[in-house]
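Asker: Got a structure for you, questions after.
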Amino acid sequence: MSGATISTYASLHDVELCAHAAAGERRAFGELVRRHGSAIRGLLRRMGAQGAEADDVAQDALLAAFERISEFRGEGTFAGWVKRIAARQYLRRLQREKRLAELAVEGTDEEADATAGDADHRIDLDEALKVLSPAERLCVSMCYGAGLSHGEAAEALNLPLGTVKSHVKRGLEKLRARLAPAKEAGDSGATVEGRRSNG
């Protein structure tokens with residue numbers, strides 16, 4: 575493969591790269607991985623996966639996306655499509671390991687309580703998510719990070735729709751409250767808002 579062809583991949587839109595990957599061009603898919611791999615790992619960490627586990631699930635999701643690349647029709651973004659695959663794979667892993675039931679019930683998060691009053695710490699979205707219970711964090715990440723609807727999240731978690739909506743509502747209220755003091759602090763507010771909208 576020539577250097578010119580590789581640089582051509584870098585200039586293509588995701589949908590075009592998917593078409594090349596569907597035709598068997600692995601380097602085209604490699605460009606998609608380069609572009610979106612870290613965002614997928616970030617979503618998984620926000621859902622609760624730690625370090626190596628986030629890397630493993632992201633790799634599995636990208637492999638599944640490569641195997642099913644012909645199913646991607648360009649409706650929505652490629653990143654959103656792979657994030658939904660990754661979120662579902664992470665939930666299946668939690669179910670297999672009997673960890674999902676623990677996360678899906680409402681409870682207190684000791685780590686959240688420990689960080690909630692740390693006003694001097696510079697806040698970003700990952701820090702702010704620590705104030706959520708495990709169930710709230712999972713539901714908010716699935717609906718706002720992976721782009722699942724409340725109904726899809728409820729089905730994936732095997733929870734009533736109302737329970738998922740409640741977790742999301744409470745989670746968003748906690749995030750707003752956690753991010754509000756930083757917003758009022760002047761310059762740092764713009765940083766927090768920028769991170770929240772890009773996260």
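Sequential numbering from 575 applies to the sequence shown in this note's numbering.
In this text, a Cβ means the ideal position worked out from N, Cα and C, and glycines have one as well.
Just to confirm before moving on: does the CB-CB distance between Leu778 and Val631 stay below 9 Å?
Answerer: Nothing about residue 778 can be read from this structure; the chain reaches only from 575 to 773.
Asker: On a Cα-Cα basis, can you pick out the residue from Ala751, Glu747, Met716 that is closest to Val656?
Answerer: As a working mapping, residue 656 is identified with position 82 in the sequence shown. Of the candidates Ala751, Glu747, Met716, the one whose C-alpha sits nearest the C-alpha of Val656 is Met716.
Asker: Excluding five sequence neighbours on each side, which residues of the same chain lie with their C-beta closer than 7 Å to the C-beta of Gly739?
Answerer: By one-based count along the sequence shown, residue 739 stands at place 165. One detail in the question is off: residue 739 reads as Lys in this sequence, not Gly. Correct list, in chain order: His724.
Asker: Which class does Leu733 belong to by DSSP, given the choice of helix, strand or coil?
Answerer: Locating residue 733 in the sequence shown gives position 159, counting from the first residue. Coil, per DSSP.
Asker: Return helix, strand or coil for Ala593, following the three-state DSSP convention.
Answerer: For this step, residue 593 is matched to residue 19 along the sequence shown. Helix.
Asker: Out of Val742, Ala702, Phe603, state which residue places its alpha-carbon closest to the alpha-carbon of Ala540.
Answerer: As displayed, the chain neither begins before 575 nor continues past 773, which places residue 540 out of reach and without an answer.
Asker: May I ask you to report which of helix, strand or coil DSSP gives Ser644?
Answerer: To locate residue 644, count along the sequence shown from 1; it is residue 70. Three-state DSSP puts Ser644 in a helix.
Asker: By DSSP, does Lys748 sit in helix, in strand, or in coil?
Answerer: Mapped onto the sequence shown, residue 748 falls at position 174. DSSP places Lys748 in helix when its eight states are reduced to three.
Asker: Whole angstroms are fine: how far does the CA of Phe640 sit from the CA of Ile659?
Answerer: In the sequence shown, counting from the first residue as 1, residue 659 sits at position 85. In the sequence shown, counting from the first residue as 1, residue 640 sits at position 66. If you take the alpha carbons of Ile659 and Phe640, they lie about 11 Å apart.
Asker: Apart from the five residues on each side of it in sequence, which residues of its chain come closer than 7 Å, Cβ to Cβ, to Ala653?
Answerer: Counted from its first residue, the sequence shown places residue 653 at position 79. Counting only Cβ-Cβ distances below 7 Å, and skipping sequence neighbours, we find His610, Ala613.
Asker: CB-CB under 6 Å to Ala628, same chain, minus the five flanking residues each way: which ones, in chain order?
Answerer: Position 54 of the sequence shown, counted from the first residue, corresponds to residue 628. Contacts found: Arg615, Leu618, Arg619.
Asker: Are the Cβ atoms of Glu599 and Ala584 separated by less than 9 Å?
Answerer: Here residue 599 refers to the residue found at position 25 when the sequence shown is read from its first residue. Here residue 584 refers to the residue found at position 10 when the sequence shown is read from its first residue. No, the pair does not count as a contact, with Cβ atoms beyond the cut-off.
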